[in-house]
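A short write-up of the structure that comes next.
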Amino acid sequence: MKNHQTQVRVRYSETDQMGVVYHGNYVPYFEIGRVEWLRNKGVSYKSMEESGIGLPIVNMNINYKKSARYDELLTIHTTFKSHSSVKIEFDCAIYNEANELLTTASFILVFVALKTGRPTAPPEYILDIFKSME
1 MKNHQTQVRV RYSETDQMGV VYHGNYVPYF EIGRVEWLRN KGVSYKSMEE
51 SGIGLPIVNM NINYKKSARY DELLTIHTTF KSHSSVKIEF DCAIYNEANE
101 LLTTASFILV FVALKTGRPT APPEYILDIF KSME
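Printed below as a string of C-alpha cells:
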C-alpha cells in the first residue's frame with residue numbers, strides 16, 4: 001500500500017529538438033505520480049484543496065540517470081517514505097518501456113491551510129491512511 005505505479009506517455013511538446021525530455025518536465029511527471037498515489041488511497045487532491053488544505057513541495061532532489069524520449073511510455077513509481085506532524089515524504093522513480101531506470105527523486109511536502117499559507121496538521125482521512133501503513 002506504500003507503493004503505487006502510474007504511466008504517462010512522453011508528448012512531443014515535452015521534448016527538445018533531439019526528442020529528449022527537457023529536465024524540467026520530470027517534475028510534472030512526479031506530480032502525476034503523487035496525485036495518483038493519493039487517488040489510489042481514495043483521496044482527491046482537488047477535494048482536499050476545496051476543503052482548504054494544500055500540499056506544496058518544500059524540498060525536492062532529482063537524480064537524472066538516462067534520458068526519456070518522445071513517445072516512450074513511462075512508468076512512474078511513487079513510494080510513501082514517511083510523515084511527521086505536517087510533512088509527508090515520497091521517493092519516486094521513472095522507468096521506460098524497457099524497464100530502464102531513468103530518473104529518481106525524493107520529495108518533502110507540507111500540509112498548509114490555504115487561507116493562511118501556514119503549516120497545518122493533515123486532515124483525519126490522511127492520518128487514517130498513515131495509520132493503515134504502519
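Numbering (UniProt numbering) for the sequence shown: 1 to 134. We put the CB at the ideal spot given by N, CA and C, even for glycine.
field: residue 3 vs residue 77 beta-carbon contact at 8 angstroms
entry: In contact: residue 3 and residue 77 (Cβ atoms closer than 8 angstroms).
query: Less than 8 angstroms separating the beta-carbons of residue 114 and residue 24?
result: no
- prompt: Using a Cβ-Cβ cut-off of 7 angstroms (strictly less than) and excluding sequence neighbours within five positions of residue 119, which residues of its own chain qualify?
  reply: 86, 110, 111, 112
- prompt: Secondary structure at residue 47, three-state DSSP: helix, strand or coil?
  reply: helix
query: Mind checking whether residue 35 and residue 45 have CB atoms under 8 angstroms apart?
result: yes
- prompt: Which one of 27, 5, 88 has the shortest CA to CA distance from residue 63?
  reply: 27
field: Contact set for residue 67: own chain, Cβ-Cβ below 6 angstroms, skip 5 residues either direction
entry: 20
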